[in-house]
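Have a look at the structure below, then the notes.
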Amino acid sequence: MKSLINKVIVVAGGNGLLGKSIVNKLKLEGALVIIADININEDIENNIINCDVTDESSVNRTLQIIFNLYGKIDGFVNNAYPRTEDWGTKFEEIKFDSWSRNVDMQLNSVFITTKGVLTIMKDQGFGSIINVASIYGVLAPDFSIYEGTEMTMPAAYSAIKGGVISYSRYLASYFGKFGIRVNCVSPGGIYNDQAQDFVNNYTKKVPLNRMGAPSDISPAITFLMSDDSKYITGQNIIIDGGFSII
């Protein structure tokens, strides 16, 4: 039986690589899914809203449209990934302005979206929020996996995702009495046509011997949105093929 029948769920960043998989899986489980994304043409009749998660007025407009249409918001997935054009610069070359802008866009957007949707969820007395974090919010990067490539792990990413995990626990503690659950999902490396040396190096460190796929992540989000997880809050579910256990 479908686990999300009659649930209204918003996916911020729903038009991206991971976002599309999340949206499709939620729909398969019967949810009414609203895609909120800046890189998409708005079509409100088909539950697609152009939304800039770094802009409080844009977020509030999006939430108001959804609430006016459906009278509730059961779930919200924070999957948007705003970043500067120089994202991926090696530590020695990071400019403070870049660091500051990325922290502002990524971490503060989670505050903007959760503050807005929690106002609605508190009044209605229920809701589930899932913030997409990363294993690098828990672990230090293993820089050996980038050898032979121009890639690196941006310093701000670790700071941001670690902050998202801690902030989610704060929200879970604060809003639990209002029937609201807040959890994180932390993916490991997701394959996205990266340099082959990186893919090879990464795969060697994974007990399941491969990088992740979006379809490996979306079922956990579906579970956390469902009533099957009604006693789970404040948790960070790591989905990394075993990368973090070694």
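The sequence shown begins at 2 in the working numbering and counts up one residue at a time. Heads up, the beta-carbon is just placed ideally off N, CA and C, and yes, glycines get one too.
For Ala81 and Val139, the rounded distance between their alpha carbons: 19 Å
Residue closest to Phe92, alpha-carbon to alpha-carbon, out of Thr120, Tyr158, Arg62, Met122: Tyr158
Run of the beta strand (DSSP E) containing Asp124, from where it starts to where it stops: Going by DSSP, Asp124 is part of no beta strand (DSSP E) but of the alpha helix (DSSP H) stretching over 109–125.
Residues near Ala156 in its chain [Cβ-Cβ closer than 8 Å; skip 5 each side]: Phe92, Ile95, Trp100
7 Å Cβ shell around Asn1 - same chain, five flanking residues per side excluded: The displayed coordinates of the chain run from 2 to 247. Any statement about residue 1 would go beyond what the structure contains.
Helix, strand or coil at Asn61 according to DSSP, with G and I counted as helix: helix
Outcome for Ala141 when other beta-carbon atoms lying within 10 angstroms are tallied against a minimum of 16: exposed
Presumed contact (8 Å Cβ cut-off) between Ile36 and Val60, rounded CB distance: Going by Cβ atoms, the distance from Ile36 to Val60 rounds to 14 Å, so no, they are not a contact pair.
Contact between the segment 46–65 and the segment 23–32 (3+ Cβ pairs under 8 Å): Contact annotation: the segment 46–65 does not touch the segment 23–32, with fewer than three C-beta pairs closer than 8 Å.
Whole-number beta carbon distance between Val183 and Ile130, since they are thought to touch under 8 Å: Their Cβ separation, rounded to whole angstroms, is 5 Å, which keeps Ile130 and Val183 in contact under 8 Å.
Same chain, Cβ closer than 7 Å to Ile121, five either side skipped, listed in chain order: Leu64, Phe68, Ile74
Contiguous alpha helix (DSSP H) assignments of at least 4 residues, all confined to the segment 183–219: As far as the segment 183–219 is concerned, its whole alpha helix (DSSP H) runs of at least 4 residues are 197–205.
Same chain, Cβ closer than 8 Å to Lys206, five either side skipped, listed in chain order: Counting only Cβ-Cβ distances below 8 Å, and skipping sequence neighbours, we find Asp143, Ile146, Phe244, Ile247.
Coarse secondary structure for Ala160, derived from DSSP in three states: helix
Whole-angstrom C-beta distance between Lys123 and Ile181, which should lie under 8 Å: 7 Å
Residue from Asp98, Tyr71, Val111, Tyr192 whose Cα sits closest to the Cα of Pro83: Val111
Three-state class that DSSP yields for Asp143 in the structure shown: coil
Close beta carbons around Gly177, own chain, < 7 Å, minus the five adjacent residues each side: Thr234
From Gly190, Lys21, Ala160, residue whose alpha carbon lies closest to that of Gly242: Comparing Cα-Cα distances from Gly242 to each of Gly190, Lys21, Ala160, the minimum goes to Gly190.
Option nearest Met1 by Cα separation, candidates Ser167, Tyr137, Arg62: In the structure as shown, the chain starts at 2 and stops at 247, and residue 1 therefore has no counterpart that could be examined.
Three-state class that DSSP yields for Gly89 in the structure shown: coil
Neighbour flag for Glu151 against chain B, beta carbons, 9 Å: No chain B is part of this structure, which consists of one protein chain only.
Three-state secondary structure (DSSP) of Ile41: In the structure shown, Ile41 sits in coil (DSSP, three-state: anything other than H, G, I, E or B).
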